[in-house]
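In this note's numbering, the protein residues as written are 1 to 294.
Think of the CB as a built atom: it goes at the ideal place given N, C-alpha and C, for glycine as much as any other residue.
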Amino acid sequence: MNKQDMLYRGMAMDGQFRVFAAQSTQTVQTARDLHDLSPINTFLLGKMLTAAAMLSLDLKGPGSEVSLRLDGDGELRGALVMCNDLGELRGYAFAPSVFFEEAAENFLPVKHLGSGSMTVIRSVAGKQPTMGHTTLVEGEVAQNLAHYFEQSEQIPTAVNLGVLIDKEARVRAAGGLLIQQLPQADPARAELLIARLASTPNISDLMDMGLGIPQILKRFLFTEKDFSLEEAHPIQYKCNCSRERFERGLRLLGKEELSEMLDGVEPQCHFCNASYHFSGKDIAGLIASLERKG
Ligand SMILES: [Zn+2]
Numbered sequence: 001m002n003k004q005d006m007l008y009r010g011m012a013m014d015g016q017f018r019v020f021a022a023q024s025t026q027t028v029q030t031a032r033d034l035h036d037l038s039p040i041n042t043f044l045l046g047k048m049l050t051a052a053a054m055l056s057l058d059l060k061g062p063g064s065e066v067s068l069r070l071d072g073d074g075e076l077r078g079a080l081v082m083c084n085d086l087g088e089l090r091g092y093a094f095a096p097s098v099f100f101e102e103a104a105e106n107f108l109p110v111k112h113l114g115s116g117s118m119t120v121i122r123s124v125a126g127k128q129p130t131m132g133h134t135t136l137v138e139g140e141v142a143q144n145l146a147h148y149f150e151q152s153e154q155i156p157t158a159v160n161l162g163v164l165i166d167k168e169a170r171v172r173a174a175g176g177l178l179i180q181q182l183p184q185a186d187p188a189r190a191e192l193l194i195a196r197l198a199s200t201p202n203i204s205d206l207m208d209m210g211l212g213i214p215q216i217l218k219r220f221l222f223t224e225k226d227f228s229l230e231e232a233h234p235i236q237y238k239c240n241c242s243r244e245r246f247e248r249g250l251r252l253l254g255k256e257e258l259s260e261m262l263d264g265v266e267p268q269c270h271f272c273n274a275s276y277h278f279s280g281k282d283i284a285g286l287i288a289s290l291e292r293k294g
């Protein structure tokens, strides 16, 4: 499937539920290649990127961004992903080459995170960011995201996230569904939906069989007449780093720390591995400009 990755949003069952969905195969493949991720990390980062893309549909206003972070005391350690209101995603794994001998279908990244937490931060340009935080529970990224919504935002939520890779670690399919129950929803219909979700096969397996996101939702979860879905916007892996951004970061270190770097430095972006060279002369220039400011 070489189709452009896409975010979808919709309503179902007379507006009692809202639906977010993402096709993210290319985005996850780009992340895998960029960071040379081990299979377990492709599952972890792939699911988190897909989740962050769906969370970004709730962002309000230009320049806003959502970040999703998992931290654990296990060998896998965790990962951080971000998505802005334009559907531009970036992220990195904390232990990108950790490898486990397991059959691909048994890869359950959260199990290897050990004890830890999930953090969601939403930032809107010019405003104080909002942050929610939950302890990791049994289950995978999807169950932890559902748990986050229940605990932190009191919204009953069902999540299905899938990443499918082949023997060469290429991403065959990646995608996600997120369904939220609105306050006026009929409990009986909510129960019906949960039962249907529970019997829906993994989304990446269905995509690999050639089904698109709208078809999957129609076939397994909603009948045609109580469901509407539209394309929101494309998503892609895109970093927003720049030399100016790194220069601002260096200035924040202050004169004293900069004076230890007079041989030059070459910081590297965690999200896209781009590196920016600052010569000793550049550093001396930064120190001089900080001195002028006092
Ligand atoms: Zn970058």
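Mind checking who Pro234 pairs with in its DSSP beta bridge? The residue you call residue 234 lines up with position 234 of the sequence shown. Pro234 is bridged to Met6.
Under 8 Å: do the region 185-202 and the region 42-61 share three or more Cβ pairs, one atom per stretch? At 8 Å Cβ cutoff, the stretches do not touch.
What would DSSP say about Glu102, mapped onto helix, strand or coil? Position 102 of the sequence shown holds residue 102. Looking at Glu102 - three-state DSSP - the assignment turns out to be coil, as it is neither helix nor strand.
Measure the beta-carbon distance from Leu76 to Leu44 and round it to whole angstroms, keeping in mind my assumption that it falls under 8 Å. In the sequence shown, counting from the first residue as 1, residue 76 sits at position 76. In the sequence shown, counting from the first residue as 1, residue 44 sits at position 44. Yes, Leu76 and Leu44 are in contact; Cβ-Cβ is about 7 Å, under 8 Å.
Given that a residue counts as buried once 16 or more other Cβ atoms are within 10 Å of its Cβ, and exposed if not, what is Thr81? Translated into the one-based positions of the sequence shown, residue 81 becomes position 81. Per the sequence presented here, residue 81 reads as Val, with Thr not at that position. So Val81 ends up on the buried side.
Three or more C-beta pairs under 8 Å: does that hold for the region 185-194 against the region 10-26? Touching, per the Cβ criterion.
Tell me whether Asn160 is buried or exposed, calling it buried when 16 or more other Cβ atoms sit within 10 Å of its Cβ. Start at 1 with the first residue of the sequence shown, and residue 160 comes out as number 160. Buried, by the Cβ-count rule.
Using only alpha-carbon positions, find the residue among Leu262, Glu260, Cys239, Gln268 that is nearest to Phe246. Here residue 246 refers to the residue found at position 246 of the sequence shown. Phe246 has its Cα closest to that of Gln268, out of Leu262, Glu260, Cys239, Gln268.
N- and C-terminal bounds of the alpha helix (DSSP H) containing Met48: Numbered from its first residue, the sequence shown carries residue 48 at position 48. Per DSSP, Met48 belongs to the alpha helix (DSSP H) from 39-55.
Decide if Phe271 is buried, meaning its Cβ has at least 16 other Cβ atoms within 10 Å, or exposed. Working through the sequence shown from its first residue, we reach residue 271 at position 271. So Phe271 ends up on the buried side.
Quick one: any contact between the region 96-103 and the region 113-124, if contact means 3 or more CB pairs under 8 Å? Taking 8 Å as the limit for Cβ pairs, the verdict is that the region 113-124 does not touch the region 96-103.
Could you tell me if Val66 is buried or exposed, where buried requires 16 or more neighbouring beta carbons within 10 angstroms of its beta carbon? Reading the sequence shown from its first residue, position 66 is the one you call residue 66. Val66 is buried by the Cβ-count criterion.
Please classify Glu256: does DSSP put it in a helix, a strand, or coil? Position 256 of the sequence shown holds residue 256. Here Glu256 sits in helix by DSSP.
For Val304, tell me which candidate among Lys225, Arg170, Gly264 has the shortest Cα-Cα distance. Examination of residue 304 is not possible in this model, given that the chain is present from 1 through 294 alone.
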